[in-house]
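The sequence shown: position 11 = 33 (the numbering used here), numbered continuously.
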Amino acid sequence: MIFFKDISCLKLFCLFKPMRGLKTWETADIDSYSAKDTKEQAPRALTLLGGVGSTVACESALRSAGTLLSRVRAPLPAHWPDGGPESLRSSCSPISRCWIFNWGANLRSLRTIYVSYVRPVLEYANPVLNLASTKSLENLERVQNAALRLITGGMRSTPIAILQLAANCEPLELRREEHTVLTQEKYLRAGEGSALKQMAENFSNQSRRLKKTSVLSAAQEFSKKFELPQERVPIAIQTWSPDTAPTLPETHCEKGWIGSKDDAPPTALRAIALERIDSFDKSYTLCYTDGSAKDGVHDGGYGILVQWPGRQGPGTGSAEVGTALQLVEELVQVENVRIIFQWLPSHVGIGGNETADSLANQGRNQQQPNNPVTLTQVAHLLRRKTAALWEAASGSSDDRTQKFNEARRAGDYIGVLDRCDAVQLFRVRAGHSLLRSDMFRRKWSATTVCRLCGEESEDCSHVLFSCGELSGIRETDWSDITLQEALLGSKDMVRAARLLRVFISRATR
């Protein structure tokens, strides 16, 4: 299992390396920085680390240069607050050398790279990993923890639960349980006579040793936690020959807006959607569809509004989902029939879409049939229950973890901030910043007095609201805003990050 760890670390470092956007740290500098430990290289390394937009200040720079400092015994920089602790003279991984710089990438883009390229390597053959040793699984968790520190800018002392919530990445163990149960459900939905189905149905975990010897033994244990429906729909296998295979329908999911849908004005989304609808030929039959369900899996209903060309009024009706899907499959096989699936934003005033949404809500209130569950529906249900289990586990931690959980549910905007601002804000939220109140708690500072005004305790509230040295750069009076609103609000958060950056920059000169 060490193989997975090393490959993932190397891949993560190589993927992030082109995105650094450094001004003076080129490839040659990286080689000379890590190749030899000479006294001549130590000052050069510190110069490189301290001179590239270092608004996150010296703490990470010293940590990044820990290998050189520990071997050549170079003196600590004079501008390190309170002299700096000797504990920072420890070696670090190559990944942690990169997290202090302004790469031109934010938390959201770094998380996307990790989730798309690195985590699949850690989760390769995920159900089989249940049979691995505890030490091997811990190694995989260490790789993810290192990646989360890189993404968020967290330190080694930052709790893992906070890192996971800030990056919105579940623990690997929880995802492994989800994938294991999904694999078992896939086996149970195989066709009649399938060896996989027979093995899953007839498997018995009785009279076995404590050590797991089968994926199914782990799946039976995890299934009790998820409580899935037992009525199953077999996986349908299409028998089309290559010459009779239908053409796949066109699918358009673009929203026509750069960024999140929640950030776009409803009027702009409505105009873009109506322009797309008007681009279709007038002879097309328009079908507006929408679905609604409690928690995405219970008490479901869906609505369909059909607008026929050349007719005055729309057609409505009631049918089962299976009948509607069968109709689409039959239309796909008909020649000269073009089917286009177009995503439309909801609740922006598009008439057909609003009618379909109203019909879907009516369907939720009707009698719910006890239909068998497909594999796609089970995957959706597992995803929901995994999120609920993760939220319940993280909600039982300390107050800081609960605040990060609330921010994640509300849609945290820290991912769109600049790298330096996002790191500063994350560390203040986590209580592991360069403010003296946080450093005093970790025994990095002998006092909590503000380094600029010298009047009050140097904490986040003092920096944002009352420090006299920053009164000239405060845009407005924040007397009507709470500390939580300043750190979690979408608009006030940008100003808070700016003030924190300026304060840390002045205090660590």
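Cβ coordinates follow ideal geometry from the N, Cα and C atoms, glycine included.
- If you look at residue 460, you'll find it in the alpha helix (DSSP H) that goes 458-463.
- In the structure shown, the three-state DSSP call for residue 388 is coil.
- With respect to residue 459, residue 470 sits close: the two C-beta atoms are nearer than 8 Å.
- Excluding the 5 residues flanking it on each side, residue 291 has same chain C-beta neighbours closer than 6 Å at 367, 370, in chain order.
- Under the three-state reduction of DSSP output, residue 146 falls in the coil class, being neither helix nor strand.
- When Cβ pairs closer than 8 Å are counted between the two stretches, the region 169-182 is seen not to touch the region 390-405, the count staying below three.
- With a cut-off of 8 Å on Cβ pairs, the region 233-242 is in contact with the region 149-159, counting three or more such pairs.
- Of the candidates 189, 164, 190, 391, 164 places its Cα closest to the Cα of residue 178.
- Comparing alpha-carbon positions, the option among 390, 323, 147, 364 lying closest to residue 379 turns out to be 323.
- Residues of the same chain with a CB within less than 8 Å of the CB of residue 454, apart from the 5 flanking positions on each side, are 176, 177, 179, 180, 460, 464 in chain order.
- Relative to the Cα of residue 174, the nearest Cα in the group 448, 483, 527, 508 belongs to 448.
- Residue 482 and residue 457 do touch by the CB rule: their CB atoms are close to 6 Å apart, below 8 Å.
- Of the candidates 486, 329, 393, 486 places its Cα closest to the Cα of residue 507.
- As for any alpha helix (DSSP H) of minimum length 4 sitting wholly inside the region 237-289, the runs are 237-248, ordered along the chain.
- With a cutoff of 8 Å on beta-carbon distance, residue 296 and residue 182 are scored as not near each other.
- A straight line joining the alpha-carbon of residue 484 with that of residue 444 spans about 19 Å.
- Note on geometry: alpha-carbon atoms of residue 462 and residue 146 lie some 43 Å from one another.
- Boundaries of the alpha helix (DSSP H) harbouring residue 525: 514-529, taken from the DSSP string.
- Taking one beta carbon from each stretch, the region 130-150 and the region 189-203 have 3 or more pairs nearer than 8 Å; the two touch.
- The C-beta distance from residue 257 to residue 211 rounds to 5 Å, short enough to meet the 8 Å contact threshold.
- Here residue 443 carries a helix assignment [DSSP, helix/strand/coil].
- For the pair residue 353 and residue 129, the Cα-to-Cα distance works out to about 44 Å.
- Separation of residue 240 and residue 202 (C-alpha to C-alpha, rounded to the nearest whole angstrom) is 7 Å.
- Just measuring C-alpha positions, the residue of 396, 315, 294 sitting nearest residue 365 is 294.
- Residue environment analysis places residue 385 among the buried positions, since at least 16 neighbouring C-beta atoms fall within 10 angstroms of its C-beta.
- For residue 438 and residue 140, the gap between their C-alpha atoms comes out near 22 Å.
- In the structure shown, the three-state DSSP call for residue 315 is strand.
- Per DSSP, residue 182 is not a residue of any beta strand (DSSP E); the alpha helix (DSSP H) it occupies stretches across 182-189.
- For the pair residue 374 and residue 308, the CB atoms are nearer than the 8 Å cut-off.
- For residue 173, there is no enclosing beta strand (DSSP E); the residue is part of the alpha helix (DSSP H) that begins and ends at 156-174.
- The three-state secondary structure of residue 481, taken from DSSP, is coil.
- Residue 149 sits buried, since 16 or more C-beta atoms from the chains shown fall within 10 Å of its C-beta.
- Under the three-state reduction of DSSP output, residue 328 falls in the strand class.
- Taking the CA atoms as reference points, residue 390 sits about 15 Å from residue 253.
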